[in-house]
Amino acid sequence: MIIVFYFILLGLLFIGAVFVIIRKKININTAAMAAVMAFGIVTQGVLLNFFGLSFFLGSIGKIISIADIALWMAILVSIGMTIYKGEFKKLHYINPINRFGIGTWVAGTSICGIMFCKQFGAGAEVQALAILNAGLWIIYIGISLIGFKELKDTSIGQQTHGVLLLTAVSTQSLVLLFNTVFADVPGFLNAALIFLGLLFYFISAWFILKRYAIRGWNIAKDWNNTNCIFHGALSISGLAMFKSGLVTQQAAAWFWLAVFLVFIVVEIIEIARAICRSLIYGLKEGIFTYDVTQWSRIFTFAMFFTFTFFIETPVQAVILNTGVWIILMLLIIELYLSVDSIRRKHVRIPLTSRKERSV
């Protein structure tokens, strides 16, 4: 009976989310699945690890997981509606940078598969989802390779930002999904995917750093929220290497140190940007205005927390005991901003469509 209750709840939340999307006439931003990624990693990587199995594998964990899965399903319906209306290309593909956001669809599906498996013990269903997600990843990588070429050959490459790093995140998310839902994943498959993920990371980083290597960019205007994926993509790479057994604990600890250094550098820039924006635009316009890309910050913080949980370091306890509350605070703030933006019908407009609202 209990499992029936959870599935009824899933149906109700899914219908409610779809109703809001239709009622508010919301066109889902390409990278909106970042919210699913953020909720998922906070659920499985932060809350579960910090509060423990006995606390979180009960009704609380299942309800939060169901809410996230319902959001994932609703976003998929919205994407399907754009295909039905013939708007898919305009909204999700035509802009070479924006289309990299499709990587959130792969990573979001991966985290939902992991949650469904761990919370409800699903077997064959989640394995089938993993295979379908691998197919989506192949399509996404093909699209991304075309995108990299366009960025190299056109001036739009000067607008690149951290969304390109989703090529790495999506690839490593498959490693985590496969090693959760399948009993025995071949070592060569883990190694190949992790290597590809790191390769995509360095290719993406080259494009992004090339943009910021030129003079004249402004930290308040030109530094994007998605650039925090610089350390988030490394965190999920390290976690994939560790969880798949590809590296030893000691090697993972050295990799964690590199991630930690990148985290410090990026977040110093983020703090400086927040100060500059608050001085120029004020707190509300400069910091507390909803943008779909802000979910990437929660995802990256939660992913760094999760990677840190499995790696013994001198600062592990400090990061875990303070990080959990910082992440929850950021999540609450982002939830408020997103709900308020929907209520006000004033959600940031994606690059590919200036006429329709998006979340």
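Under our numbering, the first residue of the sequence shown carries the number 13, and numbering increases by one thereafter.
Even glycine gets a Cβ: it sits at the ideal position worked out from N, Cα and C.
Between residue i and residue j, what straight-line distance do the alpha-carbon atoms span, to the nearest angstrom?
i	j	result
L88	Y152	15 angstroms
G174	I20	38 angstroms
N61	G98	43 angstroms
S353	G257	43 angstroms
F31	A146	30 angstroms
F200	V187	11 angstroms
T179	F272	21 angstroms
W337	L347	15 angstroms
R356	A29	17 angstroms
V48	S71	19 angstroms
T121	W84	8 angstroms
L390	S90	Nothing in the structure corresponds to residue 390, since the chain is present only between 13 and 371.
D165	I106	16 angstroms
A136	M315	27 angstroms
A50	V304	11 angstroms
Y209	W268	According to the sequence shown, residue 209 is Gly rather than Tyr. Each residue's alpha carbon lies about 16 angstroms from the other.
I345	I14	32 angstroms
A329	L163	42 angstroms
Would you check if the distance between the CB atom of residue i and the CB atom of residue j is smaller than 8 angstroms?
i	j	result
I206	M253	yes
V181	I241	yes
S214	L176	First, the residue type needs correcting, since residue 214 is Phe and not Ser in the sequence shown. Cβ distance not < 8 angstroms, so F214 and L176 don't count as in contact.
M127	I95	no
N202	Q306	no
F311	L342	no
R285	I231	yes
I143	I53	no
V197	Q139	no
Y302	S350	yes
I281	W235	yes
S77	A119	no
A265	E324	yes
L189	G125	yes
Could you check whether the Cβ of residue i sits closer than 8 angstroms to any Cβ belonging to chain C?
i	result
R355	Absent from the structure is chain C; it holds one protein chain and no more.
State the start and end residues of the unbroken alpha helix (DSSP H) segment that holds residue i.
i	result
N39	Unbroken run through N39: none, as it is neither H nor E.
R289	261–298
E137	136–165
H243	241–255
D80	71–96
N191	178–193
Y105	Looking at the DSSP string, Y105 is not in any alpha helix (DSSP H), and its letter there is neither H nor E.
I33	14–35
Apply the 10 Å Cβ neighbour rule to residue i and answer buried if 16 or more other Cβ atoms are within range, or exposed otherwise.
i	result
K130	buried
K74	buried
A270	exposed
R309	buried
N333	exposed
I283	exposed
L295	exposed
Q56	buried
A46	buried
S167	exposed
Inter-stretch contact (C-beta, 8 angstroms, three-pair minimum) for the stretch 31–44 and the stretch 102–118: The stretch 31–44 is in contact with the stretch 102–118.
Stretch-stretch touch, CB-based, cutoff 8 angstroms, three pairs: the stretch 240–247 with the stretch 315–332: Yes: at least three Cβ pairs fall under 8 angstroms.
Cβ contact check for the stretch 159–175 and the stretch 222–232: 3 or more pairs under 8 angstroms: Enough Cβ pairs lie closer than 8 angstroms, so yes.
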